[in-house]
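Engineer: Structure below; questions to follow.
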Amino acid sequence: MRLFTQSYVYNDPWSIVSLAFLLRYPNPFASHVVSCDVISRTTSPSGTLLTTRLILKKGSLPKWFPAGIVSRAETWVIEESEVDPINRTVRCRTRNLDNVRIMRVEEYVSLQEMDGSKTLQRTEARFLSRFGWGLTKQIESHGVTKFRANIEKSRQGVQLILDLLRESAFRPLPLGGTGTILDYMSFRRNSGPIASGSRTDNTNQS
1 MRLFTQSYVY NDPWSIVSLA FLLRYPNPFA SHVVSCDVIS RTTSPSGTLL
51 TTRLILKKGS LPKWFPAGIV SRAETWVIEE SEVDPINRTV RCRTRNLDNV
101 RIMRVEEYVS LQEMDGSKTL QRTEARFLSR FGWGLTKQIE SHGVTKFRAN
151 IEKSRQGVQL ILDLLRESAF RPLPLGGTGT ILDYMSFRRN SGPIASGSRT
201 DNTNQS
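Structure follows, in structure tokens:
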């Protein structure tokens, strides 16, 4: 099993960062996300918001992976999140539902208010392959490498939504639109803002 951890500080308050995180799909930095659907949303007795989403992601297999094992490079992912407005935290867990023998990926994300004006994001991902054929470690290492690259794109996507939320607060909604933040989104894939903040990460193997 391989373990990846990373901490990142957004220079924005928790209220807007948590909203941007939950609204991050669709965005031009997440072209691998084919669909994202809410399948459950409830409020717990303690007042937290519980949401379950079903996400379809596409990708590509490395050239060294045996042909004919996977019919298509797509996977269904379940995302379970809890928003606690009193303690100002977000907890989110995602895991793949298929291709788990090749590699099971579990990601845990938390967003915590920090100093009132900043938000601390902690990310932990676990990669476990039971594929065998002498490829277990290679598959897990490939998963960590891909995840490390995708987490940077994910942060750019959140930053884009942050910028759109600020912009929408000062502009009227356009006529004929959806009435949501998506009306302000400009899908320019070759340019976009870079998240401002600081990060620390670590990768372990067991």
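Taking the UniProt record's numbering, the leading residue of the sequence shown gets 1, the next gets one more, and so forth.
Beta carbons: idealized from backbone N, C-alpha and C, even for Gly.
Since the structure is predicted, the reported quantities are computational estimates derived from the model, not experimental observations.
1. Threshold first: 3 residues or longer. Then list the beta strand (DSSP E) segments lying entirely within the segment 102-130, N to C.
2. Restricting to runs no shorter than 4 residues, where is the alpha helix (DSSP H) found entirely within the segment 14-98?
3. Given 8 Å as the limit, tell me if threonine 119 has its C-beta closer than that to any heavy atom belonging to the ligand MG.
4. Identify the continuous alpha helix (DSSP H) that holds valine 144 and give its terminal residues.
5. Nearest to arginine 126 by alpha carbon, out of Asp98, Gly143, Thr119, Asn99?
6. So the candidates are Thr51, Val38, Phe65, Asn96; which of them puts its Cα closest to the Cα of lysine 57?
7. Taking the alpha carbon of threonine 75 as the point to measure from, which residue in Gly68, Gly132, Trp64, Ile102 has its own alpha carbon closest?
8. Measuring CA to CA, which of Ser129, Glu113, Val33, Ala30 is closest to leucine 3?
9. Count the other C-beta atoms from every protein chain shown that fall within 10 angstroms of the C-beta of tryptophan 14, then say buried if there are 16 or more, exposed otherwise.
10. Buried or exposed: alanine 149, going by 16 or more other Cβ atoms within 10 Å of its Cβ?
11. Measuring alpha carbon to alpha carbon, tell me which residue in Gly47, Lys146, Ser117, Glu113 is nearest glycine 59.
12. Could you tell me the distance, in whole angstroms, from the CA atom of phenylalanine 21 to the CA atom of threonine 119?
13. Less than 9 Å between the C-beta atoms of valine 17 and valine 158, yes or no?
Structural biologist: So, from the data block:
1. 104-114, 118-128
2. 14-22
3. Absent from the structure shown: the ligand MG. Ligands present: none.
4. In the sequence shown, counting from the first residue as 1, residue 144 sits at position 144. Segment 136-168, the alpha helix (DSSP H) holding valine 144.
5. Taking the sequence shown and counting its residues from 1, one reaches residue 126 at position 126. That would be Gly143, whose Cα lies nearest to the Cα of arginine 126.
6. Start at 1 with the first residue of the sequence shown, and residue 57 comes out as number 57. Of the candidates Thr51, Val38, Phe65, Asn96, the one whose C-alpha sits nearest the C-alpha of lysine 57 is Asn96.
7. Start at 1 with the first residue of the sequence shown, and residue 75 comes out as number 75. Checking every option, the nearest Cα to that of threonine 75 belongs to Ile102.
8. The sequence position of residue 3 within the sequence shown is 3, counting from 1. Per the Cα distances, Ser129.
9. In the sequence shown, residue 14 corresponds to position 14, counting from 1. It counts as buried.
10. By 1-based counting over the sequence shown, the position of residue 149 is 149. Alanine 149 comes out exposed.
11. Your numbering for residue 59 matches position 59 in the sequence shown. Checking every option, the nearest Cα to that of glycine 59 belongs to Lys146.
12. As a working mapping, residue 21 is identified with position 21 in the sequence shown. As a working mapping, residue 119 is identified with position 119 in the sequence shown. One C-alpha to the other measures close to 11 Å.
13. Translated into positions along the sequence shown, residue 17 becomes position 17. Translated into positions along the sequence shown, residue 158 becomes position 158. The answer is yes: Cβ separation under 9 Å.
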